[in-house]
Structure formats: structure tokens, C-alpha cells
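Residue numbers (the numbering used here): 2 to 124.
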Amino acid sequence: MPRFRLWAVLAIYGLGTVALAQVHGSWSSDFTVLPNLGLDSIHITLGYTFAGSLEIYGTADFDQTGYVKQVLGLKGHIGPLALEGAMEFAPQDVVLKTTPYAADGEPASTQTPPAVIWEVPGP
């Protein structure tokens, strides 16, 4: 019985390690040193890849005025179908700026509808 528990614990930790390898991200910033020390902008990206070829990601941008934009997207392949799409939010303006997306595959060519601009109802 103790031997089974050891293998079960090792399997759980091993699967957890594999799952964490699929999460990725980056962080970058611009700052000034002279004449005054200041943080000009920050760009943060976080993504998760699953099924080996499909990625869900999000990026956030900040500058001296605060939270500038948020982008949520999806890109990758499911079989012969290539998917790519994103939504960009402007948190300070309460407006969805763009929703570009494209899908291609045989026999159809890439289709990219025009960007949609609409205001989110609310405060």
C-alpha cells in the first residue's frame, strides 16, 4: 500500500509539472532615469497552449495615465483549420475597439471581416 501511494504522489506532481509548462508569459517595461526617475509603460502577456497547437492569450498595457488596453485572443490550428482572433478593450473608454478574426482552410481562402466598433452599454 505505501508503494502505491508513493507512485500516486509522483504521478500527481509529474502531471502538474507538465501542465505548468504550457503556461507562458512575458513582462516588459520602459522607464526613464534622467532627468527624473519614472516608469513610462508596462506590457504584460500571459498565454496558455493546449492540444499542442492552440493558444489562448491575453495582454495588458499600462502607461503613466493607467490601464490603457486589454487584448484577449486565440490562435492556432485544429486539424486542417487555422484559427486566429482577438478582441481589444479600452478600459478607460468603455469601448470595444476591434474584433479582427480570420479562418482559413481548404478550399476556402482567408476571410477577414471588417473591424467592428461598438460601445458597451453601462456607466
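Yeah, the Cβ is synthetic: ideal placement off N, Cα and C, and Gly gets one too.
Asked                                                                                                                  : Found
Cβ pair Thr50, Ser27 closer than 8 Å                                                                                   : no
DSSP three-state assignment for Val10, whether helix, strand or coil                                                   : helix
Neighbourhood of Tyr68 by C-beta distance below 6 Å, restricted to the same chain and skipping five residues each side : Pro92
Under the three-state DSSP convention, the category Ala52 falls into                                                   : coil
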